[in-house]
Amino acid sequence: MPPPNPADTAHTAPHTLIIDTDPGADDVIALLFAMAAPERLDIRALTTVAGNVPLAKTSRNARLACEWAGRPDIPVYAGAQRPLKRTPIYAANIHGREGLTGVDVYEPAAPLAEGGAVEYLVRTLRAAPEKSVTLAMLGPQTNLALALEQAPDIVRGLRELVLMAGAHFNGGNITPVAEFNVFADPHAAEAVLASGVPITMLPLDVTHKILTSDERIARLRKLGNRAGAIVADILDAYAPQEMKHYDMPGGPVHDATVTAYLLQPSLFRGRRIHVEIDSREGMGFGQTVADWHGSLRRPANVNWIIDGDAQGFFDLLTEHIARLP
Ligand code: BDR
Ligand code: CA
1 MPPPNPADTA HTAPHTLIID TDPGADDVIA LLFAMAAPER LDIRALTTVA
51 GNVPLAKTSR NARLACEWAG RPDIPVYAGA QRPLKRTPIY AANIHGREGL
101 TGVDVYEPAA PLAEGGAVEY LVRTLRAAPE KSVTLAMLGP QTNLALALEQ
151 APDIVRGLRE LVLMAGAHFN GGNITPVAEF NVFADPHAAE AVLASGVPIT
201 MLPLDVTHKI LTSDERIARL RKLGNRAGAI VADILDAYAP QEMKHYDMPG
251 GPVHDATVTA YLLQPSLFRG RRIHVEIDSR EGMGFGQTVA DWHGSLRRPA
301 NVNWIIDGDA QGFFDLLTEH IARLP
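So the sequence shown is residues 1 to 325, counted in full-length UniProt numbering.
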């Protein structure tokens, strides 16, 4: 692995957190994981976006995650129904028609919060103390791009953005070069990159190194609680298709690496580099161009994570899921 990430020590303080998400099988695992760590992650709200499935389903699945974590008090605000400019795309082939593999979905008891996600982001970030709020982003970045367009001053309230996004050394998962969250709205990803807020990206380069195994899933199931069974059921259904497609020995849990990074950044290794998004029509559409070797001599704008401790990740995930109902 490359040398320790120098940014680590700056990231260990508890986070005041908003999670922007498009659940999504791995999103739900990331959300359960995060809601199991209230002493480190003070989750103020979830904001939802169309992505893996249309908005009504991602918003329902986010509320289900709150219910399953015993946190129906966390408000869920529905956000953008479609990307900024491109035609909407979904990933029901991976996440199922309802956006969740392996588990039954139903209408949760708690309704959506009043008002939209973009309005919530603008109001909350404007009122927040300077550099106080971390935004974890697990789907297409449309909501923040819209909020930045409406109110560029909201960057003041942001401490950092931690994104599951992009691919470089690994190659893409929706085209040969593009990762789904960026491909689904590259214009939004460009706006977010241009915001100047400190950004950490967890791309496929790292998520395809942190893979399930039968033993890792069995440990989650053996916890004996409902959340352990839900996570194991989701992974049992989700992992095999990824393993088959990429000929990998296990399945990735992409978005949950964001939660692990927030809780224990020392599990990960990366480098501050210059990254650009290709939003031009063509084969490169949605690609994250990551200048790992500094060939362009442009200023670093992303802490690009390239490697992580897979066993450390599953230990941390299992330990946290054990705390839930
Ligand atoms: C990302 O795309 C989605 O399908 C997953 O939820 C994850 O956020 C992986 O490319
Ligand atoms: Ca996602």
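Even glycine gets a Cβ: it sits at the ideal position worked out from N, Cα and C.
In this text the structure is predicted, and so the values were computed from the model without any measurement.
Helix or strand or just coil, what does DSSP make of residue i?
i	result
Gln-287	strand
Gly-308	strand
Ala-50	coil
Leu-32	helix
Asp-42	strand
residue 393	No answer is possible for residue 393: it lies beyond the span of the chain, which begins at 1 and ends at 325.
Arg-193	Note that residue 193 is Leu in the sequence shown here, rather than Arg. Reduced to three states, the DSSP call for Leu-193 is helix.
Glu-281	coil
Thr-9	Low per-residue confidence applies at Thr-9: pLDDT is 43, beneath 50, and the placement is therefore not dependable, though the value from the model is reported in the following sentence. Note: Thr-9 maps to helix in three-state DSSP.
Asn-301	coil
Thr-212	coil
Ile-89	coil
His-293	coil
Pro-4	With a pLDDT of only 45 at Pro-4, under the threshold of 50, the placement of this residue in the model should not be trusted, and no figure is reported.
Pro-325	coil
If you follow the alpha helix (DSSP H) that residue i is in, where does it begin and where does it stop?
i	result
Leu-225	A quick correction: the sequence has Asn, not Leu, at residue 225. Run containing Asn-225: none; DSSP gives neither H nor E here.
Thr-207	204–207
Determine the burial state of residue i: buried for a count of at least 16 other Cβ atoms within 10 Å of its Cβ, exposed for fewer.
i	result
Asp-20	buried
Pro-152	exposed
His-208	buried
Ala-13	exposed
Met-283	exposed
His-245	exposed
Leu-204	buried
Asp-22	buried
Gln-150	exposed
residue 333	With the chain running from 1 to 325 in the structure shown, residue 333 is simply not present.
Arg-280	exposed
Pro-176	exposed
Asp-214	exposed
Met-1	The predicted position of Met-1 is uncertain, since its pLDDT is 44 and thus under 50; a value taken from the coordinates is nonetheless stated next. Met-1 should be labelled exposed.
Gly-270	buried
Pro-108	buried
Ala-92	exposed
Leu-316	buried
Arg-216	buried
Gly-250	buried
Glu-39	exposed
Gly-286	buried
Pro-4	Because the pLDDT at Pro-4 is just 45, under 50, the model does not fix this residue reliably, and the point stays unresolved.
Need the endpoints of the beta strand (DSSP E) that residue i sits in, please.
i	result
His-15	15–21
Val-76	76–78
Just checking residue i against ligand 4 - is the residue's beta carbon closer than 6 Å to any of the ligand's heavy atoms?
i	result
Ala-30	Ligands in the displayed structure: ligand 1 and ligand 2; ligand 4 is not one of them.
Does the beta carbon of residue i sit closer than 7 Å to a beta carbon anywhere in chain C?
i	result
Leu-223	Included in the structure is just one protein chain, with no chain C present.
- request: Run through the stretch 93–179 for me and flag every whole alpha helix (DSSP H) of 4 or more residues, listed as ranges in chain order.
  value: 117–127, 142–150
message: If contact is defined by three or more beta carbon pairs under 8 Å, each pair taking one atom from either stretch, is the stretch 173–189 in contact with the stretch 86–95?
response: Because the criterion of three Cβ pairs below 8 Å is met, the stretch 86–95 and the stretch 173–189 touch.
task: Evaluate contact between the stretch 309–325 and the stretch 187–199, counting only Cβ atoms and requiring at least three cross-stretch pairs below 8 Å.
output: no
- prompt: Which runs of the alpha helix (DSSP H) fall wholly inside the stretch 245–271 and span at least 4 residues, in chain order?
  reply: 256–263
message: Counting beta carbon pairs with one atom in the stretch 216–229 and one in the stretch 252–272, are three or more of them shorter than 8 Å?
response: Not touching, per the Cβ criterion.
message: Would the stretch 17–34 count as touching the stretch 243–257 if we require 3 or more Cβ pairs under 8 Å?
response: yes
- request: Examine the Cβ distances between the stretch 90–97 and the stretch 53–60 and report whether three or more of them are shorter than 8 Å.
  value: yes
field: Three or more C-beta pairs below 8 Å linking the stretch 127–137 and the stretch 149–167
entry: Contact between the stretch 127–137 and the stretch 149–167 is present, because at least three Cβ pairs lie under 8 Å.
- prompt: Do the stretch 161–173 and the stretch 280–299 make contact, defined as three or more Cβ pairs closer than 8 Å?
  reply: yes
field: Sufficient close CB pairs (3 or more, under 8 Å) joining the stretch 65–79 to the stretch 315–325
entry: Yes, since at least three Cβ pairs between the stretch 65–79 and the stretch 315–325 fall closer than 8 Å, the two stretches touch.
- prompt: How about the stretch 141–148 and the stretch 228–239: do they share at least three Cβ pairs that are nearer than 8 Å?
  reply: no
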